[in-house]
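Read top to bottom, the protein sequences are chains A and B.
Counting in the working numbering, the first sequence runs from 3 upward without gaps.
Counting in the working numbering, the second sequence runs from 42 upward without gaps.
Heads up, the beta-carbon is just placed ideally off N, CA and C, and yes, glycines get one too.
Take a look at the structure set out below.
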Amino acid sequence: MQPIEMSAVDLVAALRQGDITAVQCTTAFLDRIEATNGTINAFLAVDRDGALTRAADIDARRKAGKPLGALAGLPVALKDVLCTTDMPTTCASKMLQGFRPPYDADVVARLRNADAVFVGKTNMDEFAMGGSNENSAFGPVRNPWDLSRAPGGSSGGSAACVAGDMAPVAIGSDTGGSIRQPAGLCGITGLKPTYGRVSRRGLVAFASSLDQIGPMARSAADCALIMETIAGHDPGDSTSLAVDVPRYTDLLDKPLAGVRIGRVPEHYAEGLDPEVAKGVDEAFAVLKAAGATVHDVKLPHAKYGIPTYYLIAPCEASSNLARYDGAHYGHRAEPGKGHRAEPSQQADGFESPLVEMYCRSRAEGFGPEVKRRIMLGTYALSAGYYDAYYAKALRVRRLIRQDYLDAFQSVDLIGGPVSATPAFKLGEKTDDPLAMYLVDLYTVGTNLAGVGGISFPCGFTKSGLPIGFQLQAPPLAEPLLLQAADRFQRLTDWHRRRPKTTGEVKA
Amino acid sequence: MTTPPQPLTAKDVAKVALLARLALSESDLERMTGELSKIVGFVSMLGELETSDVAPLAHPLDTQNVFRDDVPAASLSTAEALQSAPRHDGECFLVPAVLGDSGAA
């Protein structure tokens, strides 16, 4: 088997046993990236020299019998929302083009200490805002299963690079579904951990009470392996939980007998694609055959998830993105030539030359969706509207979280679709921001409640597009999420299927 | 939110744009007014729910008041803090005039 076809678990074992060297392994993935990235556009930066230097160093240390980290020699791709000192960090925005952070994100430092090899930074929706990767300032990503379709988003590059065999593992971030939805649309496995399980230090902030980092890989077993390295308390993120990290890989191989899985009848409402519904039903059947029981549960406020999310996330974003001021780092507009560039604001006027610099730098640096969300959040937080919108959304958020806590009194997991449809065409939803927001229907509740969720493939449409299945779990029940997904993957082979398109792509 | 929201006007949106520190062109302003009106109309469905006895939930964790030990720790050097600044003089970030009418920035 070629290295690019191997799972992360198998690669780590093969590297440890000396069956392949880190340089061979890294070279195989770098060559694959070189051959296919021109078509897929999954990577915004590829660090060939850095990766090979690091791999050679690991091989030398292994040869010398020195101690090595748990992931020694494993290639890993990083979503370009994670700060890295040795590669640019752009968030797929012109605002941060060329930006070099002065420190590594906590997950990046942990992966480095585990001797992972970073191959590059992956494409994404600008500042993680979007569900199709079409909001990248550096071009959309193509879905390896059908190059005319979107990979989903915002971690579209991370999902596509794993689906396209360009990396065995990618790290993503999930604010409203940004790991699970692209994983579903690209036929891979993605875990959004419980809020606080993984440190957010060095994750460029979008919506701080919702953002969470997680692994994206070919299987639940691979995700479990990565979680052992990236999870854990970090004094640098006061919202990271001081709770011991389980040995996730040791907890996988347990039967599902007695595990109660909830099914939400409202998930099957109008709008759910019939082929997706069929795939989801079949996934429930597999889990039942494995010993789990399935029970209908209610999430009465689920239909309010999208409006609640699209108030809270933009409000937090408008505050978080206030830091891009053209002064400390990031894009700065060139000085004006004695006249205002934007006639519409002459009536109100900028308050000072400094404010004009802020307004023009931000107008030039941010793309349309980021501006839309900053505007929506600023509006919802402004005097006279705060109670009606932001505070209202926070109250509904409590109702939504309570729905989950109530449901988890009677079931251990909640199953269902990740997305209502398989991957949609590039350009299909770009003219209608609201239609794009609705793609997050099944995923935002997890973030609002702060619980965990995993997405993995449960079938394919007749036209060959992956269908995703989602499981959600109570806080810190990642072992059960991974165990159930792993059991499913021992009984099915959907996660082993590879897209043909990338195989046909020539350099 | 008990009454249906009024449609946003271009003037409302221009005011928000200044608060958000975004320079919008006339065409941006027009498009944004339409889009925001539609999105605000949609999210206003939360008004259907009676929530007067529900406390706001800003954060999913119960964690409160996390303190670190009050001891000095390493932080970025001046050079590191300035390394990505568009303009600086080696000690300070340089910006246009903070006071005064908007003219040449």
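Shortest alpha-carbon distance to V136 of chain B belongs to which of A:T251, A:E358, A:I232 and A:P302? The residue with the shortest Cα to Cα distance from V136 of chain B is A:E358.
Taking contact to mean at least 3 C-beta pairs separated by less than 8 Å, is the stretch 297-309 of chain A in contact with the stretch 319-331 of chain A? Contact between the stretch 297-309 of chain A and the stretch 319-331 of chain A is absent, because fewer than three Cβ pairs lie under 8 Å.
Extent of the continuous alpha helix (DSSP H) run through G216 of chain A: Where G216 of chain A is concerned, there is no enclosing alpha helix (DSSP H), although the beta strand (DSSP E) it sits in stretches over Q214 to A219.
Under a Cβ-count criterion, where at least 16 other Cβ atoms within 10 Å of its own Cβ denotes burial, should A209 of chain A be classed as buried or exposed? Within a 10 Å sphere around the beta-carbon of A209 of chain A sit 16 or more other beta-carbons, which makes this residue buried.
Per DSSP, which one or two residues make a beta bridge with K427 of chain A? Answer by DSSP bridge pairing, in chain order: A:R151.
Please work out which residues of its chain come closer than 8 Å, Cβ to Cβ, to P257 of chain A, disregarding the five sequence neighbours upstream and downstream, and give them in chain order. A292, G293 and R489, listed in sequence order.
Within 8 Å (strictly less), CB to CB, does F101 of chain A reach chain B? At least one chain B Cβ lies under 8 Å of F101 of chain A.
Apart from the five residues on each side of it in sequence, which residues of its chain come closer than 6 Å, Cβ to Cβ, to N322 of chain A? Cβ neighbours of N322 of chain A beyond the five flanking positions: A207.
Drop a sphere of 10 angstroms on the beta-carbon of S346 of chain A, count the other beta-carbons inside from all chains shown, and report buried for 16 or more, exposed for fewer. Low confidence applies to S346 of chain A: its pLDDT is 43, below 50, so where it sits in the model is not reliable, and the reading given next is rough at best. Classification of S346 of chain A: buried, given that the 10 Å Cβ count is 16 or more.
Given G417 of chain A as reference, the closest of A:Q472, A:T445 and A:A287 once Cα atoms are compared: For G417 of chain A, the closest of A:Q472, A:T445 and A:A287 by C-alpha to C-alpha distance is A:Q472.
Cβ shell of C361 of chain A (< 7 Å), same chain only, five flanking positions each side left out: These residues qualify, in order along the chain: F352.
So A115 of chain B contacts chain A; which residues on that side make the cut at Cβ distance below 9 Å? Under the 9 Å cutoff, chain A gives no residues; its nearest Cβ is about 11 Å from A115 of chain B.
Please work out which residues of its chain come closer than 8 Å, Cβ to Cβ, to N39 of chain A, disregarding the five sequence neighbours upstream and downstream, and give them in chain order. Within the same chain, N39 of chain A has close Cβ partners F45, V48 and M168.
Look at the alpha carbon of N135 of chain A and the alpha carbon of G159 of chain A, and state the distance between them as a whole number of angstroms. Rounded to whole angstroms, N135 of chain A to G159 of chain A spans 8 Å at the Cα level.
Contacts that Q124 of chain B makes with chain A (C-beta to C-beta distance below 9 Å): Chain A residues near Q124 of chain B: R102, P104 and Y331.
With F31 of chain A as the anchor, note down where its alpha helix (DSSP H) starts and where it stops. Under the DSSP assignment, F31 of chain A falls in the alpha helix (DSSP H) whose first and last residues are A24 to I42.
Give the straight-line distance between the Cα atoms of H341 of chain A and P355 of chain A, rounded to the nearest whole angstrom. Because H341 of chain A sits at a pLDDT of 42, beneath the cut-off of 50, its placement in the model cannot be relied upon, and the following sentence gives the value as read from the coordinates. In a straight line, the C-alpha of H341 of chain A is about 11 Å away from that of P355 of chain A.
Check each candidate in A:D239, A:L227 and A:G264 and name the one with the smallest Cα separation from Y250 of chain A. It is A:L227 whose Cα lies nearest to the Cα of Y250 of chain A.
Answer with yes or no whether the minimum CB distance from P48 of chain B to chain A is below 8 Å. Taking CB atoms only, P48 of chain B has no neighbour in chain A less than 8 Å away.
Among A:D252, A:G204 and A:D224, which one has its Cα closest to the Cα of S240 of chain A? Checked all of A:D252, A:G204 and A:D224; the closest Cα to S240 of chain A is A:G204.
Using only the alpha-carbon positions, how far apart do L212 of chain A and G75 of chain A sit? Whole-angstrom Cα-Cα distance: 32 Å.
Let me see if you follow: with CB-CB separation under 8 Å, is C85 of chain A close to chain B or not? So, not an interface residue.
7 Å Cβ cut-off: residues of chain A touching T119 of chain B: Residues of chain A with a Cβ closer than 7 Å to the Cβ of T119 of chain B do not exist; the shortest Cβ-Cβ separation is about 11 Å.
Cα-Cα, which of A:D127, A:T191, A:V171 and A:C188 is closest to T177 of chain A? It is A:D127 whose Cα lies nearest to the Cα of T177 of chain A.
Proximal residues to A118 of chain A (C-beta, below 6 Å), its chain only, five neighbours per side dropped: Hits under 6 Å: L73, L76 and V78.
Grab me the residues of P477 of chain A's own chain with a C-beta within less than 6 Å of its C-beta, minus the 5 sequence neighbours each way, in chain order. These residues qualify, in order along the chain: T196 and V453.
How about the stretch 434-447 of chain A and the stretch 307-318 of chain A: do they share at least three Cβ pairs that are nearer than 8 Å? Touching, per the Cβ criterion.
Could you tell me the alpha carbon to alpha carbon distance between I42 of chain A and P142 of chain A, rounded to whole angstroms? Going by the C-alpha atoms only, they are around 9 Å apart.
Give the DSSP-derived three-state secondary structure of R265 of chain A in the structure shown. Note: R265 of chain A maps to strand in three-state DSSP.
Using a Cβ-Cβ cutoff of less than 6 Å, which residues in the same chain neighbour Y312 of chain A once the five nearest sequence positions on both sides are dropped? Closer than 6 Å at the Cβ level, and outside the excluded window around Y312 of chain A, lie Y439.
Shortest alpha-carbon distance to D108 of chain A belongs to which of A:S9, A:G186, A:P237 and A:G166? When only C-alpha atoms are compared, the closest one is A:P237.
Mind checking if C317 of chain A is an interface residue toward chain B, Cβ cutoff 8 Å exclusive? Judged by the 8 Å Cβ criterion, C317 of chain A is not in contact with chain B.
So, with DSSP's three-state summary, where would you put Q472 of chain A? Strand, per DSSP.
Taking 8 Å as the cut-off, decide whether the C-beta atoms of Q183 of chain A and V420 of chain A are in contact. The answer is yes: Cβ separation under 8 Å.
Tell me, please, whether the stretch 422-441 of chain A touches the stretch 148-156 of chain A by the rule of three or more beta-carbon pairs shorter than 8 Å. Because the criterion of three Cβ pairs below 8 Å is met, the stretch 422-441 of chain A and the stretch 148-156 of chain A touch.
Three-way DSSP call (helix, strand, coil) for S175 of chain A in this model: The three-state secondary structure of S175 of chain A, taken from DSSP, is strand.
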